Amino acid sequence: MTIPSAPTPVPAPLADRDVVIIGGGSGIGLEVARRAVASGARVVIGGRSAGKLEEAAKSLGEQARWGVVDTTDQDSLAAFFDSVDRIDHLFTPAASYQVGPMRELTDSEAESPFVSKFWGQYHAVKHATAKLTSHASVVLMSGAASVRPPAAAPAYVACNAAIEGLGRGLAVELAPVRVNVVSPGTIDGNLWAQRPAHIRQASFAQYERDALLRRPGTESEIADAVLFLFTNTFMTGSTLYPDGGYALR
Numbered sequence: 014m015t016i017p018s019a020p021t022p023v024p025a026p027l028a029d030r031d032v033v034i035i036g037g038g039s040g041i042g043l044e045v046a047r048r049a050v051a052s053g054a055r056v057v058i059g060g061r062s063a064g065k066l067e068e069a070a071k072s073l074g075e076q077a078r079w080g081v082v083d084t085t086d087q088d089s090l091a092a093f094f095d096s097v098d099r100i101d102h103l104f105t106p107a108a109s110y111q112v113g114p115m116r117e118l119t120d121s122e123a124e125s126p127f128v129s130k131f132w133g134q135y136h137a138v139k140h141a142t143a144k145l146t147s148h149a150s151v152v153l154m155s156g157a158a159s160v161r162p163p164a165a166a167p168a169y170v171a172c173n174a175a176i177e178g179l180g181r182g183l184a185v186e187l188a189p190v191r192v193n194v195v196s197p198g199t200i201d202g203n204l205w206a207q208r209p210a211h212i213r214q215a216s217f218a219q220y221e222r223d224a225l226l227r228r229p230g231t232e233s234e235i236a237d238a239v240l241f242l243f244t245n246t247f248m249t250g251s252t253l254y255p256d257g258g259y260a261l262r
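Numbering of the sequence shown is given in our numbering, commencing with residue 14 and proceeding in unit increments.
In structure tokens form, the structure reads like this:
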């Protein structure tokens with residue numbers, strides 16, 4: 014009787030890859046960094062807070078390092094990417110902005126999602142291009158408000174829709190580098206934990222009514238989507254909506 018040999022182990026999909034995450038000091042970015050390190054990747058996390066980044070990198074271990082970067086400052090982006098040797102996967106969730114009705118926000122406040130979230134990611138990719146490998150992937154961060162506005166916040170809605178268009182445009186320009194977008198719904202995580210409890214509770218209750226799965230998502234669930242876009246080598250120019258069915262209602 015012939016005993017079959019043991020199957021050859023399949024390497025983890027991110028083993029020996031270089032992953033860069035701008036916005037990797039907390040929240041979804043940090044969760045993606047944890048999973049990447051666990052899969053054997055080397056990780057560089059960037060953001061504006063040195064203290065937060067240093068603490069996050071320590072928690073990630075020897076495979077991680079960090080650098081301060083401000084996505085609204087192109088000199089800062091250039092310096093950050095100069096310190097990176099190569100990029101197999103890039104994720105860019107960092108953003109800071111204000112949201113509200115057109116008739117209440119100042120022009121500067123209304124423009125803030127575009128300044129930070131749209132142009133921040135646009136310029137991050139621009140400065141990263143020289144370091145992207147031929148098989149690299151880029152994952153941009155949008156939001157499900159792009160297709161279903163939750164309230165009066167037209168500039169924010171338009172910004173998210175623009176990021177999804179940016180992903181398609183960059184997929185064409187940068188091919189064979191793959192570019193995709195993750196567009197989450199409301200997530201019970203670091204971002205919402207920083208907001209007043211009464212606002213958070215009201216928003217979560219509304220989302221539970223609006224989404225098919227009747228709950229906000231988790232950072233872990235969004236990280237699953239990002240890792241899928243990193244590793245599925247036939248996905249490009251697409252937007253994933255891990256939103257519990259919010260966009261369908």
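Yeah, the Cβ is synthetic: ideal placement off N, Cα and C, and Gly gets one too.
Keep in mind the model is a prediction, meaning the values are calculated, not measured.
Between the beta-carbon of residue 165 and the beta-carbon of residue 250, is there less than 8 Å?
No.
Any contact of the region 112 to 125 with the region 240 to 260, i.e. 3+ C-beta pairs under 8 Å?
Contact fails: fewer than three Cβ-Cβ distances are below 8 Å.
Under 8 Å between the Cβ atoms of residue 285 and residue 82?
Within the shown structure, residues of the chain are numbered from 14 to 262, placing residue 285 beyond reach of any answer.
Hey, residue 193 and residue 152 are a contact pair by Cβ (cut 8 Å); roughly how many whole angstroms apart?
Right, the Cβ-Cβ distance comes to about 6 Å (below 8 Å), so this counts as a contact.
Inter-residue Cα distance where the pair is residue 96 and residue 255:
Residue 96 and residue 255: Cα-Cα distance of roughly 33 Å.
6 Å CB neighbourhood of residue 80 in its chain, flanking five on each side removed:
Within the same chain, residue 80 has close Cβ partners 59, 93, 96.
Classification of residue 148 by the beta-carbon crowding that lies within 10 angstroms, buried from 16 upward:
Burial state of residue 148 is exposed, judged by a 10 Å Cβ sphere holding fewer than 16 other Cβ atoms.
Would you check if the distance between the CB atom of residue 177 and the CB atom of residue 252 is smaller than 8 Å?
For residue 177 and residue 252, yes; Cβs fall inside 8 Å.
Find the nearest neighbour of residue 100 within the set 214, 146, 110, 127, judged by alpha-carbon distance.
Nearest C-alpha to residue 100: 146.
Can you tell me whether residue 40 is buried or exposed? The criterion is at least 16 other CB atoms within 10 Å of its CB, across all chains shown.
By the Cβ neighbour-count rule, residue 40 is buried, with 16 or more other Cβ atoms within 10 Å of its own.
Would you decide whether residue 71 is buried or exposed? Buried here means 16 or more other CB atoms lie within 10 Å of its CB.
Looking at its Cβ environment, which holds fewer than 16 other Cβ atoms inside 10 Å, residue 71 is exposed.
Classify residue 46 as buried or exposed, calling it buried when 16 or more other Cβ atoms lie within 10 Å of its own Cβ.
Its Cβ being crowded by 16 or more others within 10 Å, residue 46 is buried.
Using the C-alpha atoms, what's the distance from residue 237 back to residue 87?
Approximately 30 Å between the Cα atoms of the pair.
With distances taken between CB atoms, is the gap from residue 217 to residue 229 smaller than 8 Å?
A contact, by the Cβ cut-off of 8 Å.
First and last residue of the uninterrupted alpha helix (DSSP H) at residue 98
Unbroken run through residue 98: none, as it is neither H nor E.
Nearest to residue 181 by CA position, among 169, 154, 167, 198, is which residue?
Measuring from the Cα of residue 181, the nearest candidate turns out to be 154.
What would DSSP say about residue 86, mapped onto helix, strand or coil?
Correct three-state label for residue 86: coil.
Considering only the alpha carbon of each residue, which of 31, 62, 63 lies closest to residue 76?
The option with the nearest alpha carbon to residue 76 is 31.
Residue 104 (DSSP reduced to helix, strand or coil):
Of the three classes helix, strand and coil, the one that applies to residue 104 here is strand, per DSSP.
Let me know the secondary structure DSSP gives residue 118 once reduced to three states.
In the three-state reduction of the DSSP assignment, residue 118 falls in the coil class.
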